[in-house]
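Colleague: Just dropping this structure here.
Protein chains in written order, with the numbering used here: chain A, 1 to 160; chain B, 1001 to 1191.
In structure tokens:
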């Protein structure tokens, strides 16, 4: 089943027939985590490095039905994904990550948000001891991502 | 939000559509789809995430801080370029530097007219910055304005306006985000 993960959401699955998908990624960062031994995968489409002063995740969680839980903030999304993968029987030690996104869509406009999102995700993965297996980040093109849980293959598509 | 501010937005959108009508020589219908205080990421799904669009993004500073994004689906942008650059209808299949410059100017004119009304009615100073252009997937382009904004504010006054160019059957989508801090200081209970 194709599971679409929207901006600010996250999903984890162990069903081998599932594809986790997210479409039209710009300055956000998509983090995929995969336990290849047990074939459990997660995908977060995170907007920002860190939480602002006010917390609204509970509202997001209540508004969106599972499996797409909140993935708005990178650090929290990665923590949440690791926790959910472990609940499904996965092991943090076996996880490998891939990063996609962090673009600056308006090249004449100086924005650091894409870069900051990627840097934050890399730092967090390093802190958690998770190997970065691949990345397609930066630049100025939007991307769509499809993560096949059976194989662990992540496909990144751009359009012209 | 007060009905007063909704009216102001309708007037500003009307002025922006008038400017667009003059520019292309065709009637342009306008509809303020929504003008409400919302979470920055909560937008109407007016187009599919992967639909190819062009976007003209402008920052706004002064007494009111925010950003505007004028979006045309790619086919609409091609039709609009035919009109703006004076080509035969159906000729444009990719955008040249001249087309991009003309579309940026459309963004500039639409936003300029919108903000002129807002500035006059609210008696505030609004400074528009230079227009920035991108051609890519709708989701990716909208994400940029949302994430840049969401970094500072969880919520905003979000205004969504749809333009319909009837004779040409093309559509445009105008998204505006305003920071609440300055608006609250200016409008108080009227916000």
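C-beta: ideal position from N, C-alpha, C; glycine also.
What separation, rounded to the nearest whole angstrom, lies between the Cα atoms of residue 76 of chain A and residue 47 of chain A?
Modeller: Their backbone Cα atoms lie some 11 Å apart in a straight line.
Colleague: In chain B, what lies closer than 9 Å to residue 184 of chain A by C-beta?
Modeller: For residue 184 of chain A there is no data in the structure shown, the boundaries of chain A being 1 and 160.
Colleague: In the DSSP assignment, find the beta strand (DSSP E) that holds residue 1163 of chain B and state where it starts and stops.
Modeller: Element bounds for residue 1163 of chain B: 1155-1165.
Colleague: Taking Cβ positions only, does residue 1172 of chain B come closer than 9 Å to chain A?
Modeller: Not an interface residue.
Colleague: I believe residue 1062 of chain B touches residue 142 of chain A by the beta-carbon criterion, under 8 Å. Please report the beta-carbon distance rounded to the nearest angstrom.
Modeller: The pair is not a contact, with the Cβ atoms about 31 Å apart (cut-off 8 Å).
Colleague: Starting from the Cα of residue 125 of chain A, find the closest Cα among A/79, A/150, A/159 and give me that residue.
Modeller: Per the Cα distances, A/79.
Colleague: Would you list, in chain order, the members of the segment 1126-1148 of chain B that have their beta-carbon closer than 8 Å to a beta-carbon of chain A?
Modeller: Cβ contacts with chain A: 1130, 1132, 1133, 1134, 1136, 1137, 1138, 1139, 1140, 1141, 1142, 1143, 1144, 1146, 1147, 1148.
Colleague: Checking contacts by CB at 9 Å: is residue 44 of chain A closer than that to chain B?
Modeller: False, the Cβ-Cβ gap to chain B never drops below 9 Å.
Colleague: Would you say residue 103 of chain A lies against chain B (beta-carbon separation less than 9 Å)?
Modeller: Interface residue, yes.
Colleague: Starting from residue 1151 of chain B, find everything on chain A with Cβ-Cβ shorter than 7 Å and list it in chain order.
Modeller: Within chain A, the residues near residue 1151 of chain B are 48, 113.
Colleague: Using a Cβ-Cβ cut-off of 9 Å, state whether residue 1017 of chain B counts as contacting chain A.
Modeller: Taking Cβ atoms only, chain A never reaches closer than 9 Å to residue 1017 of chain B, which makes this a no.
Colleague: May I ask which residues mark the beginning and end of the alpha helix (DSSP H) holding residue 79 of chain A?
Modeller: 74-87 is the extent of the alpha helix (DSSP H) around residue 79 of chain A.
Colleague: May I ask which residues mark the beginning and end of the beta strand (DSSP E) holding residue 19 of chain A?
Modeller: Counting along the chain, the beta strand (DSSP E) containing residue 19 of chain A begins and ends at 19-25.
Colleague: Name the residue from B/1033, B/1137, B/1165, B/1158 whose alpha carbon lies nearest to the alpha carbon of residue 160 of chain A.
Modeller: If we check each option's Cα against that of residue 160 of chain A, B/1137 comes out closest.
Colleague: What number of angstroms, rounded off, separates the C-alpha of residue 1015 of chain B from the C-alpha of residue 1008 of chain B?
Modeller: The alpha-carbon atoms of residue 1015 of chain B and residue 1008 of chain B are separated by roughly 11 Å.
Colleague: Specify whether the segment 1123-1137 of chain B and the segment 98-115 of chain A touch according to this definition: at least 3 beta carbon pairs, one from each stretch, less than 8 Å apart.
Modeller: A contact exists between the segment 1123-1137 of chain B and the segment 98-115 of chain A.
Colleague: Check the DSSP bridge columns for residue 144 of chain A and list the partner residues they point to.
Modeller: For residue 144 of chain A, which the question treats as bridged, DSSP gives the partners A/157.
Colleague: With burial defined as no fewer than 16 other Cβ atoms inside 10 Å of the residue's Cβ, what is the status of residue 1 of chain A: buried or exposed?
Modeller: Counting Cβ neighbours within 10 Å, residue 1 of chain A comes out exposed, since fewer than 16 surround it.
Colleague: Below 8 Å on C-beta distance, what does residue 1041 of chain B contact in chain A?
Modeller: Within chain A, the residues near residue 1041 of chain B are 7, 8, 47, 72.
Colleague: For residue 45 of chain A, which residues does DSSP report across the bridge?
Modeller: According to DSSP, residue 45 of chain A bridges with A/30.
Colleague: Using the three-state DSSP reduction, which class does residue 1 of chain A fall into: helix, strand or coil?
Modeller: Of the three classes helix, strand and coil, the one that applies to residue 1 of chain A here is coil, per DSSP.
Colleague: So, helix, strand or coil for residue 1169 of chain B, using DSSP?
Modeller: Residue 1169 of chain B falls in the coil class under three-state DSSP.
Colleague: For residue 1057 of chain B, write down the residues that DSSP places opposite it in a beta bridge.
Modeller: Per DSSP, B/1069, B/1132.
Colleague: Determine the burial state of residue 1185 of chain B: buried for a count of at least 16 other Cβ atoms within 10 Å of its Cβ, exposed for fewer.
Modeller: Residue 1185 of chain B comes out exposed.
Colleague: With DSSP as the reference, label residue 1020 of chain B as helix, strand or coil.
Modeller: Note: residue 1020 of chain B maps to helix in three-state DSSP.
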